[in-house]
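Everything on this sheet refers to the single structure shown next.
This is how it looks when you write it as structure tokens:
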């Protein structure tokens, strides 16, 4: 079942589109927090986004760029703005298609089916949507990249594995033994100082994007990651 995320603040139109898509067996999500559309997108993991331009806080062009920073999922603009410039801007900001309101549901479905065949058909490129997000801190496992507040830094394979494990256990202590077992095949042949060095490097990488004192040393126990960002 394909997932569709609707980003439209006109409740009547939003519900009409949702009801129609559900009848065609689509799994439909709706954005409720217009200040955190990127976060809601990541949680929804849709195969397609239907995006209005005129939205609260920031317009659809802005959110299209934000989604493009984490995903190549197809984005179709649905808007009452019909000028050529609006359609050009939609494409230049990362959109894949544009449909002008008012439109017939049959036309919308035809475009959606076309996008699904093109993107998810037998010969289509496979898009990765495996992104971990914790209150605005984004982890991209395929690239070993972390992002906070529009700043990105690339980590080594070991550094990324460390932050991934620590974030999965946010606010809980992870023992040195657990980390060594997760990161190295044979912990008996790894110098204990190697873990300390990698933790120090990870802390420096986090500081490079403005996150400080989030990895705490619990003497005699291990390490604990706490949320010092976005508070």
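In my numbering, the protein residues as written are 27 to 257. We treat Cβ as the ideally placed atom computed from N, Cα and C, and that holds for glycine. For clarity, every value in this text was computed on a predicted model and none was experimentally measured.
Status (buried if at least 16 other CB within 10 Å, exposed otherwise) for residue i
i	result
residue 40	buried
residue 238	exposed
residue 122	buried
residue 128	exposed
residue 64	buried
residue 151	Residue placement at residue 151 is poorly supported in this model, since its pLDDT is 48, which falls under 50; the coordinates still yield a value, given next. Residue 151 is exposed by the Cβ-count criterion.
residue 86	buried
residue 215	Since pLDDT at residue 215 reaches only 46, below the 50 mark, its modelled position is unreliable, and the value read off the structure follows with that caveat. By the neighbour-count rule (16 or more Cβ atoms within 10 Å), residue 215 is not buried but exposed.
residue 251	buried
residue 111	exposed
residue 114	exposed
residue 230	exposed
residue 272	Since the displayed the chain opens at 27 and closes at 257, residue 272 lies outside it and no answer follows.
residue 226	exposed
residue 84	exposed
residue 57	buried
residue 148	With a pLDDT of 47 at residue 148, under the threshold of 50, the modelled position of that residue is not reliable, and the figure given next carries that caveat. The residue is exposed, with fewer than 16 neighbouring Cβ atoms inside 10 Å.
residue 117	exposed
residue 137	buried
residue 154	No answer about residue 154 holds up, because its pLDDT of 45 lies below 50 and its placement is not dependable.
Test item: CB-CB of residue i and residue j under 8 Å
i	j	result
residue 43	residue 78	no
residue 253	residue 196	yes
residue 133	residue 188	no
residue 224	residue 184	yes
residue 206	residue 248	no
residue 50	residue 135	yes
residue 108	residue 96	no
residue 91	residue 119	yes
residue 76	residue 37	no
residue 131	residue 46	yes
For residue j and residue i, believed in contact at Cβ under 8 Å, the rounded distance
i	j	result
residue 159	residue 68	5 Å
residue 30	residue 81	Incorrect: roughly 17 Å between the Cβ atoms, too far for contact.
residue 72	residue 61	Actually they are not in contact, since the Cβ atoms of residue 72 and residue 61 sit about 19 Å apart, beyond 8 Å.
residue 255	residue 162	7 Å
residue 232	residue 240	6 Å
residue 101	residue 174	With a Cβ gap of about 24 Å, residue 101 and residue 174 do not count as contacting.
residue 164	residue 157	6 Å
residue 199	residue 244	5 Å
DSSP bridge partner residues for residue i (one or two, in chain order)
i	result
residue 159	164
residue 243	249
residue 180	171
residue 125	104
residue 55	31
residue 200	249
residue 96	Its beta-bridge partners do not exist; DSSP assigns none.
residue 75	31, 101
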